[in-house]
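Report on the structure given below.
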Amino acid sequence: MPKDDGIGASTKRREDVRFLTGNGKYTDDINLRGQAHVHFLRSDVAHGRIRGIDTSAAEAMDGVLKVFTSADFESAGGLPCGWQVTDRFGQVMQEPKHPILAEGKVRHVGDPICAVVAETYEQARDAAEAIEVDIEELEPVIDMKSALADGAPKVHDDLTSNLCYDWGFVEDNKDAVNAAFETAAHVVSLELTNNRLVANPMEPRVAVGDYDPWGDSHTLYTTSQNPHVIRLLMGAFVLNIPEHKLRVVAPDVGGGFGSKIFHYAEEAFCTYAAKVLKRPVKWTSSRSEAFISDAHGRDHRTKIELALDADHNFTALRTETYANMGAYLSTFAPSIPTWLHGTLMAGNYRTPLIYVNVKAVFTNTVPVDAYRGAGRPEATFQIERLVDKAARELGVDPVELRRQNFITADQFPYQTPVAVVYDTGNYHATMDKMLELADYAGFEERRAESAKRGKLRGFGIAHYIEACGIAPSNLVGQLGARAGLYESASVRVNATGSISVYTGSHSHGQGHETTFAQVVADMIGVDASSIEIHHGDTSNTPMGMGTYGSRSLAVGGSAIVKATNKIIDKAKKIAAHLLEAAPEDIELKDGKFSVAGTDKSVDWSGVTLAAYVPHNYPLEELEPGLEETAFYDPSNFTYPSGAYGCEIELDPETGKIDILRFIAADDFGNIVNPMIVEGQVHGGLVQGIGQALMENCVYDDQGQLLSGSFMDYTMPRADDVRGFTVDHSCITPCTHNPLGVKGCGEAGAIGSPPAVVNAAIDALHRAGHTHVTHIDMPLTPARVWAAING
Amino acid sequence: MYNFELVKPSTLAEAVAALAGEDAQPLSGGQTLIPSMKARLNAPETLVSLTGIAELKGVSRSGDTLTIGAATTHADVAEQAAADFPGLAALAGQIGDPAVRNRGTIGGSLANNDPSACYPAAALGTGATIVTNTREIAADDYFQGMFTTALEEGEIITAVRFSIPQASAYAKFLQPASRFALTGVFVAQYASGVRVAVTGASENGVFRWAEAEAALSSDFTPDAIAGLSCPADEMIADLHGSAAYRAHLVGVMTRRAVIAAG
Numbered sequence: 001m002p003k004d005d006g007i008g009a010s011t012k013r014r015e016d017v018r019f020l021t022g023n024g025k026y027t028d029d030i031n032l033r034g035q036a037h038v039h040f041l042r043s044d045v046a047h048g049r050i051r052g053i054d055t056s057a058a059e060a061m062d063g064v065l066k067v068f069t070s071a072d073f074e075s076a077g078g079l080p081c082g083w084q085v086t087d088r089f090g091q092v093m094q095e096p097k098h099p100i101l102a103e104g105k106v107r108h109v110g111d112p113i114c115a116v117v118a119e120t121y122e123q124a125r126d127a128a129e130a131i132e133v134d135i136e137e138l139e140p141v142i143d144m145k146s147a148l149a150d151g152a153p154k155v156h157d158d159l160t161s162n163l164c165y166d167w168g169f170v171e172d173n174k175d176a177v178n179a180a181f182e183t184a185a186h187v188v189s190l191e192l193t194n195n196r197l198v199a200n201p202m203e204p205r206v207a208v209g210d211y212d213p214w215g216d217s218h219t220l221y222t223t224s225q226n227p228h229v230i231r232l233l234m235g236a237f238v239l240n241i242p243e244h245k246l247r248v249v250a251p252d253v254g255g256g257f258g259s260k261i262f263h264y265a266e267e268a269f270c271t272y273a274a275k276v277l278k279r280p281v282k283w284t285s286s287r288s289e290a291f292i293s294d295a296h297g298r299d300h301r302t303k304i305e306l307a308l309d310a311d312h313n314f315t316a317l318r319t320e321t322y323a324n325m326g327a328y329l330s331t332f333a334p335s336i337p338t339w340l341h342g343t344l345m346a347g348n349y350r351t352p353l354i355y356v357n358v359k360a361v362f363t364n365t366v367p368v369d370a371y372r373g374a375g376r377p378e379a380t381f382q383i384e385r386l387v388d389k390a391a392r393e394l395g396v397d398p399v400e401l402r403r404q405n406f407i408t409a410d411q412f413p414y415q416t417p418v419a420v421v422y423d424t425g426n427y428h429a430t431m432d433k434m435l436e437l438a439d440y441a442g443f444e445e446r447r448a449e450s451a452k453r454g455k456l457r458g459f460g461i462a463h464y465i466e467a468c469g470i471a472p473s474n475l476v477g478q479l480g481a482r483a484g485l486y487e488s489a490s491v492r493v494n495a496t497g498s499i500s501v502y503t504g505s506h507s508h509g510q511g512h513e514t515t516f517a518q519v520v521a522d523m524i525g526v527d528a529s530s531i532e533i534h535h536g537d538t539s540n541t542p543m544g545m546g547t548y549g550s551r552s553l554a555v556g557g558s559a560i561v562k563a564t565n566k567i568i569d570k571a572k573k574i575a576a577h578l579l580e581a582a583p584e585d586i587e588l589k590d591g592k593f594s595v596a597g598t599d600k601s602v603d604w605s606g607v608t609l610a611a612y613v614p615h616n617y618p619l620e621e622l623e624p625g626l627e628e629t630a631f632y633d634p635s636n637f638t639y640p641s642g643a644y645g646c647e648i649e650l651d652p653e654t655g656k657i658d659i660l661r662f663i664a665a666d667d668f669g670n671i672v673n674p675m676i677v678e679g680q681v682h683g684g685l686v687q688g689i690g691q692a693l694m695e696n697c698v699y700d701d702q703g704q705l706l707s708g709s710f711m712d713y714t715m716p717r718a719d720d721v722r723g724f725t726v727d728h729s730c731i732t733p734c735t736h737n738p739l740g741v742k743g744c745g746e747a748g749a750i751g752s753p754p755a756v757v758n759a760a761i762d763a764l765h766r767a768g769h770t771h772v773t774h775i776d777m778p779l780t781p782a783r784v785w786a787a788i789n790g
Numbered sequence: 001m002y003n004f005e006l007v008k009p010s011t012l013a014e015a016v017a018a019l020a021g022e023d024a025q026p027l028s029g030g031q032t033l034i035p036s037m038k039a040r041l042n043a044p045e046t047l048v049s050l051t052g053i054a055e056l057k058g059v060s061r062s063g064d065t066l067t068i069g070a071a072t073t074h075a076d077v078a079e080q081a082a083a084d085f086p087g088l089a090a091l092a093g094q095i096g097d098p099a100v101r102n103r104g105t106i107g108g109s110l111a112n113n114d115p116s117a118c119y120p121a122a123a124l125g126t127g128a129t130i131v132t133n134t135r136e137i138a139a140d141d142y143f144q145g146m147f148t149t150a151l152e153e154g155e156i157i158t159a160v161r162f163s164i165p166q167a168s169a170y171a172k173f174l175q176p177a178s179r180f181a182l183t184g185v186f187v188a189q190y191a192s193g194v195r196v197a198v199t200g201a202s203e204n205g206v207f208r209w210a211e212a213e214a215a216l217s218s219d220f221t222p223d224a225i226a227g228l229s230c231p232a233d234e235m236i237a238d239l240h241g242s243a244a245y246r247a248h249l250v251g252v253m254t255r256r257a258v259i260a261a262g
């Protein structure tokens with residue numbers, strides 16, 4: 001077994017060769033013969049009634065093939081929502097129709113009204129300007145609490161109000177939680193905002209629809225994190241195309257961060273229009289369009305309270321959160337503030353009583369859905385800000401207050417009061433590791449040095465828990481998921497021994513082609529270069545659920561392990577035949593099958609060749625060939641955790657925060673490729689720091705997006721961070737998947753925002769600005785200055 | 001972007017003639033004009049490129065005067081003015097990113113007069129002379145509010161003449177997203193006195209802070225303006241900062257510029 005490409009090796013990412021040389025094949029690189037182009041005319045008002053649409057001038061323009069309106073989609077369904085939440089009174093959520101093109105009303109700036117298909121993109125765009133849309137502007141609802149006020153304008157006229165659901169969790173705990181607050185020695189509370197974000201992957205969304213009239217079959221090329229899910233949702237619920245007539249391909253995808261999980265109107269449009277026009281139809285989002293049509297993330301307003309006894313033990317926690325759904329329910333929107341958020345409210349602590357209330361609200365803004373972390377960053381931010389505030393109010397060390405209330409290593413598996421069971425973890429160990437790497441003991445000396453230069457130095461701590469690999473399917477079904485959450489894999493061994501692996505997960509930056517090959521190489525003992533990983537095409541891959549929620553290795557990797565084990569079992573039987581031994585006596589080591597206790601052996605390619613040229617083969621007992629498929633449905637979530645430390649310097653004159661050091665001590669369970677894990681953590685940290693200090697999606701009171709371009713929406717840049725100290729040596733392997741892995745994709749974005757904000761508050765308090773107990777993200781210089789001087 | 005004609009003259013006279021055509025606009029580095037055309041916010045029939053005109057390019061010194069051709073890029077100013085006028089070169093070296101600095105020009109920036117651009121602070125802060133194809137305009141007369149200048153229709157900036165100060169510096173606080181100046185202050189010390197020009201902060205575009213100029217003219221130290229505060233009236237307020245914050249930053253950046261010029 002070559003050491004450099006098995007499990008545990010920092011094998012270089014094989015896909016980077018094509019990415020870094022500009023040879024990736026992205027959806028926009030796909031140009032089909034006879035392709036036409038679509039431009040969407042989008043609403044420039046947040047709320048309005050469509051009185052009439054005159055497309056006649058546009059249709060007469062050069063190159064225009066057709067102008068579509070909602071009238072062309074009367075036979076089509078709306079974009080479906082994949083999760084139904086039941087509220088605390090037992091009622092299902094309000095679920096409005098989400099049409100492909102606006103029907104009767106426009107409900108957010110960016111809502112598509114018409115689609116112009118023309119020979120060229122420029123012609124389509126020119127023609128869109130000639131469309132006359134008569135819109136009666138209506139008063140929009142932008143602020144969530146205003147949207148729930150009596151008499152507020154309704155985003156959807158056919159719903160009873162703008163309340164999607166009022167969810168309580170665990171509803172039966174509510175009275176006990178309230179009683180605990182009555183008798184608490186201390187109560188600490190905090191009101192905070194989790195700021196709305198725009199994912200902004202480097203590659204904007206693209207869709208190319210193609211139709212083959214001779215086979216009556218459709219192909220959609222799209223920028224998706226889960227092509228099978230798109231095939232199911234679009235085929236079954238929107239366009240009524242059976243799966244065998246619909247192929248969805250998601251080739252190289254340049255980042256998703258959640259925003260490419262969802263089924264979008266533009267995908268359905270291009271698929272449908274290709275059949276109407278008998279020509280391929282392509283759409284490529286501009287960056288400006290992405291801001292007003294990609295699902296946004298976060299956007300919660302929360303009041304959280306913690307009850308403690310006289311000894312500072314946490315006795316109860318309760319929250320009230322308003323979660324913005326935007327104008328329509330995006331694919332998984334209802335699940336984010338509920339099952340991906342409420343179930344994590346125990347954090348790393350033994351808090352015995354917890355009650356979470358979430359009110360999901362429709363507003364005249366872009367739909368909000370999962371964004372890196374999805375619900376878990378919101379939970380972690382609340383808990384870790386509040387625990388920090390509690391330590392400050394009680395006058396105790398924030399590290400010690402956390403340690404005192406941590407679930408201890410001997411308490412796993414640990415049943416939380418919010419349904420989930422943590423299988424493994426060791427929070428004291430990760431905290432110790434972080435403090436050691438941070439040189440926490442030397443902080444005071446560094447602070448004094450900063451003070452000499454007029455700068456305020458602070459150290460912020462956060463400890464997070466997350467739940468990855470959402471599962472099992474039968475449980476999530478009970479919780480309202482309209483999908484299973486297993487993963488698939490097919491392992492096709494070729495005659496000469498090379499291996500083609502087809503995974504239902506999807507790589508859009510995560511490095512699956514490298515990591516998954518390492519797993520298979522390690523299991524069989526062959527060179528990773530003889531293994532190819534395929535993903536993203538529904539025509540050659542068993543039905544898979546795709547990549548999000550840090551699930552690829554924990555769930556998709558486990559499916560690959562399962563299929564590979566089937567391969568090994570069969571290969572051993574073939575080897576046993578060739579070696580004239582019993583299958584149970586066959587050992588596989590370093591790509592060679594041998595009979596235990598003898599020098600008789602046959603190598604891997606000898607067995608694979610026998611499988612496909614079965615001249616000497618037990619045909620009566622065994623089918624020829626060597627190809628196996630497996631579906632893996634996990635029995636539980638995985639629970640990565642970690643301690644994050646952030647050391648900042650704050651300029652009190654300008655309010656500007658510089659991050660000087662950032663330490664991440666994560667427990668991801670077992671690690672397949674440490675280099676890729678570190679890269680994932682780096683990316684997550686930058687996005688979390690971006691949320692904490694810079695990124696903010698802001699609407700004015702008329703629903704116009706004020707931060708609609710990179711001129712006003714601040715993306716973190718390389719020079720905003722100075723490198724990170726990333727450690728993953730604290731390992732408590734996951735107990736219920738074969739690799740013992742937990743997932744690492746979202747951790748950085750989950751744990752870092754509270755660490756950054758806690759550092760800022762720490763710096764201000766150490767400098768005597770004790771009136772500042774909280775600053776809402778992002779902590780821009782202007783906000784920090786205003787907090788100091790407010 | 002709509003279709004347009006592009007002409008690229010090699011002499012100033014040809015450029016002036018081309019600009020007399022209907023709906024023609026001059027194109028220098030295009031760092032503002034091209035994005036606005038891509039967003040379909042601007043649709044000239046004809047673009048007259050000024051970047052092929054040799055007489056509009058280059059940095060030259062004569063005595064205490066530094067003359068910079070209007071079509072000289074920020075990158076070239078950063079490099080070529082470094083020895084003679086380090087305060088200006090440093091300003092040019094902080095504009096945008098390398099791609100912007102290698103395309104954007106000093107003439108383009110001054111003609112556009114974006115209220116958050118850097119160059120207006122240097123031009124007003126030094127009392128530069130804006131030289132056009134028809135006349136010379138003192139900086140004090142040139143800037144007339146955001147995106148508004150003394151330029152007439154069809155008039156082309158050909159060069160900017162700077163009187164080299166004894167000491168100067170530009171202190172810029174970045175708007176976090178665009179990295180334009182949220183507030184930028186250029187201070188320049190001359191034998192005749194000190195000039196202080198502020199960009200990014202005011203709804204009226206670049207302006208001189210008279211109180212600071214008076215204080216610094218008698219004592220060119222940060223302490224001289226310690227008690228001064230710039231009024232917040234007519235300051236820009238947006239999602240990146242309130243009027244009061246910008247007014248506060250004027251004081252902070254002025255002090256930092258004085259220290260840097262020190």
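Top line first, the protein sequences correspond to chains A and B. Everything in the first sequence is counted per UniProt numbering, starting at 1 for the first residue and increasing by one. Everything in the second sequence is counted per UniProt numbering, starting at 1 for the first residue and increasing by one. Yeah, the Cβ is synthetic: ideal placement off N, Cα and C, and Gly gets one too.
- Our two residues, residue 291(A) and residue 708(A), have alpha carbons roughly 6 Å apart in a direct line.
- Not a single C-beta of chain A is nearer than 8 Å to the C-beta of residue 26(B).
- Collapsing the DSSP output to three states places residue 698(A) in coil.
- At a cut-off of 8 Å between C-beta atoms, residue 177(B) counts as an interface residue with respect to chain A.
- Taking a cut-off of 8 Å for Cβ pairs, the stretch 206 to 217 of chain A and the stretch 452 to 462 of chain A do not touch, as fewer than three such pairs fall below it.
- Exclusion of the five residues before and after residue 128(A) leaves 39, 41 and 116 as the residues of its chain whose Cβ lies within less than 6 Å of its Cβ.
- Excluding the 5 residues flanking it on each side, residue 102(A) has same chain C-beta neighbours closer than 8 Å at 43, 50, 70, 111, 112 and 113, in chain order.
- Residue 81(B) and residue 74(B) have their C-alpha atoms some 10 Å from each other.
- Among the CB atoms of chain B, one or more fall inside 8 Å of the CB of residue 653(A).
- With fewer than 16 other Cβ atoms from the protein chains shown falling within 10 Å of its own Cβ, residue 202(A) counts as exposed.
- Rounded to the nearest angstrom, the gap between the Cα atoms of residue 76(A) and residue 283(A) is 20 Å.
- Each residue's CA atom was taken as its position, placing residue 659(A) and residue 460(A) some 11 Å apart.
- For residue 391(A), the enclosing alpha helix (DSSP H) begins and ends at 376 to 394.
- The beta carbon of residue 212(B) lies closer than 7 Å to those of 196, 225, 228 and 254 in the same chain, with the five residues before and after it left out.
- Proximity of chain A to residue 241(B) at the Cβ level (cut-off 7 Å) is accounted for by 782, in chain order.
- In the same chain as residue 584(A), and ignoring 5 residues on each side of it, no C-beta atom comes closer than 6 Å to its own.
- In terms of CA proximity to residue 15(A), 535(A) leads the group 535(A), 650(A) and 783(A).
- Counting other Cβ atoms within 10 Å of its Cβ, residue 210(B) stays below 16 and is therefore classed as exposed.
- Counted as a single uninterrupted DSSP element, the alpha helix (DSSP H) harbouring residue 74(B) occupies residues 74 to 80.
- Assignment of beta-bridge partners to residue 443(A) by DSSP yields no partner.
- Within the stretch 694 to 706 of chain A, the residues whose Cβ lies closer than 8 Å to any Cβ of chain B are, in chain order, 694, 696, 698 and 706.
- Under DSSP, the beta-bridge partners assigned to residue 468(A) are 638(A).
- Minimum Cα-Cα distance from residue 635(A) among the listed residues 582(A), 686(A), 484(A) and 490(A) corresponds to 484(A).
- Taking 8 Å as the upper bound for CB-CB distance, residue 495(A) and residue 638(A) are not in contact here, some 37 Å apart.
- With a cutoff of 8 Å on beta-carbon distance, residue 640(A) and residue 436(A) are scored as not near each other.
- For residue 8(A), the number of other beta carbons within 10 angstroms of its own is below 16, and it is reported as exposed.
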